[in-house]
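The structure appears below as structure tokens.
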Amino acid sequence: MLKKIFALILLSTFVISCGSRKSTGKIVTKNAEAVSVIEKHYSTETQFNTVSGKLRAVYQDDEKTQSVNLSFRMEKDKAIWMSASILGFPVAKAYITPTSVSYYEKVSQTYFDGDFSLVSDFLGTPLDFQKLQNLLIGQAIYDLRTEEYDFVQSPRGLQFVKDDAMLMKKMFLLNASSFKAEAQQLIQDKDNRGLTVTYDEYQKVDGLVFPENIRIIANEGGSNTNIDLTYRSLTFNEEVSFPFDIPSGYEEISLK
Numbered sequence: 001m002l003k004k005i006f007a008l009i010l011l012s013t014f015v016i017s018c019g020s021r022k023s024t025g026k027i028v029t030k031n032a033e034a035v036s037v038i039e040k041h042y043s044t045e046t047q048f049n050t051v052s053g054k055l056r057a058v059y060q061d062d063e064k065t066q067s068v069n070l071s072f073r074m075e076k077d078k079a080i081w082m083s084a085s086i087l088g089f090p091v092a093k094a095y096i097t098p099t100s101v102s103y104y105e106k107v108s109q110t111y112f113d114g115d116f117s118l119v120s121d122f123l124g125t126p127l128d129f130q131k132l133q134n135l136l137i138g139q140a141i142y143d144l145r146t147e148e149y150d151f152v153q154s155p156r157g158l159q160f161v162k163d164d165a166m167l168m169k170k171m172f173l174l175n176a177s178s179f180k181a182e183a184q185q186l187i188q189d190k191d192n193r194g195l196t197v198t199y200d201e202y203q204k205v206d207g208l209v210f211p212e213n214i215r216i217i218a219n220e221g222g223s224n225t226n227i228d229l230t231y232r233s234l235t236f237n238e239e240v241s242f243p244f245d246i247p248s249g250y251e252e253i254s255l256k
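Each residue of the sequence shown is one higher than the one before, starting from 1 at the first, in UniProt numbering.
This is the structure:
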């Protein structure tokens, strides 16, 4: 179960991701209203160096529902670290940087320690750190500045849609007041899989806006997996460390 939680938290946004363009700062779309919204989405992005706190993760698939407590630390654009515990006992850790993905689980005494190319080859799609970070802090997973989107203002919010039947349908719904993400959806019809992320609540800590609850729904074929994440006790811009040493004697997971 813990392996699935970490895999979805750390990699769900990657499982159905395609290669994305790097932003040059120039907004591609020609719609003036859309340009204004995109500019506000990025100008109001929460600015911090580090954040740490607690995460409550509830995992549900077609067979069971389980929960786990996670200690969470992030240095923006550099590292994401999570440590899982059950009844106060540490049982797993994950550490991810822009160039590496590492994980180990005490119960099974297994670990994975590699780079994004290994995981990309295994999943058959390119991965990157930025998409995961965006998902966790309430920013659009894909850079809205780099592609042309259909833009609609509605009572639900500010919606951007790009429908490429051969690759992926992308939908991003932003709050009309805060310009933070309220929902994000990525769908690959040809592979019958998709990812939906919704942000039920945001919280303000030391003047910084950050998600309070994130719901992740990943589906493939007829199977659905849900993860409900709740952030607690957040602290910003304090010194953080990322202790991570794979215990000796653990068996390496081979991605083949």
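Glycine included, C-beta positions come from ideal geometry on N, C-alpha and C.
Under the assumption that aspartate 191 contacts arginine 215 (Cβ atoms under 8 angstroms), give the Cβ distance between them as a whole number of angstroms. Taking the first residue of the sequence shown as position 1, residue 191 is located at position 191. Taking the first residue of the sequence shown as position 1, residue 215 is located at position 215. That pair is no contact at about 22 angstroms.
Tell me whether phenylalanine 89 is buried or exposed, calling it buried when 16 or more other Cβ atoms sit within 10 Å of its Cβ. Within the sequence shown, the letter at position 89 stands for residue 89. Per the 10 Å Cβ criterion, exposed.
Taking the straight line between their C-alpha atoms, what separation do you get for aspartate 77 and phenylalanine 48? Numbered from its first residue, the sequence shown carries residue 77 at position 77. Numbered from its first residue, the sequence shown carries residue 48 at position 48. Going from the Cα of aspartate 77 to the Cα of phenylalanine 48 covers about 10 angstroms.
Examine the Cβ distances between the region 90-104 and the region 58-66 and report whether three or more of them are shorter than 8 angstroms. no
On the three-state DSSP scale, how would you describe asparagine 224? The residue labelled residue 224 in the question sits at position 224 within the sequence shown. Strand.
Looking only at DSSP bridge pairs, what is lysine 162 linked to? Position 162 of the sequence shown, counted from the start, is the residue given in the question as residue 162. Lys170.
With a cut-off of 8 angstroms, do at least 3 Cβ pairs link the region 105-114 to the region 168-179? no
Start and end residues, beta strand (DSSP E) containing asparagine 69: Stepping through the sequence shown from its first residue, residue 69 is reached at position 69. Segment 65-75, the beta strand (DSSP E) holding asparagine 69.
Serine 241 versus Leu55, Met74, Ile38, residue with shortest Cα-Cα distance: Along the sequence shown, one-based indexing puts residue 241 at 241. Considering only alpha carbons, the answer is Met74.
Is the separation between the beta-carbon of alanine 57 and that of leucine 229 shorter than 8 angstroms? To locate residue 57, count along the sequence shown from 1; it is residue 57. To locate residue 229, count along the sequence shown from 1; it is residue 229. Taking 8 angstroms as the Cβ cut-off, alanine 57 and leucine 229 qualify as a contacting pair.
Length of the line joining the Cα atoms of proline 137 and tyrosine 231: In the sequence shown, counting from the first residue as 1, residue 137 sits at position 137. In the sequence shown, counting from the first residue as 1, residue 231 sits at position 231. One detail in the question is off: residue 137 reads as isoleucine in this sequence, not proline. Distance between the alpha carbons of isoleucine 137 and tyrosine 231 is about 11 angstroms.
Cut-off 8 angstroms between Cβ atoms - residues of its own chain near asparagine 213, not counting five sequence neighbours on either side: Here residue 213 corresponds to residue number 213 of the sequence shown, with the count starting at 1. These residues qualify, in order along the chain: Tyr199, Asp200, Glu201, Asp228, Leu229, Thr230, Tyr231.
Cβ neighbour criterion (16 or more within 10 Å) applied to glycine 207: Within the sequence shown, the letter at position 207 stands for residue 207. With fewer than 16 other Cβ atoms within 10 Å, it is exposed.
Anyone know if the C-beta pair for arginine 156 and leucine 173 falls short of 8 angstroms? Reading the sequence shown from its first residue, position 156 is the one you call residue 156. Reading the sequence shown from its first residue, position 173 is the one you call residue 173. Yes, Cβ-Cβ distance for arginine 156 and leucine 173 is below 8 angstroms.
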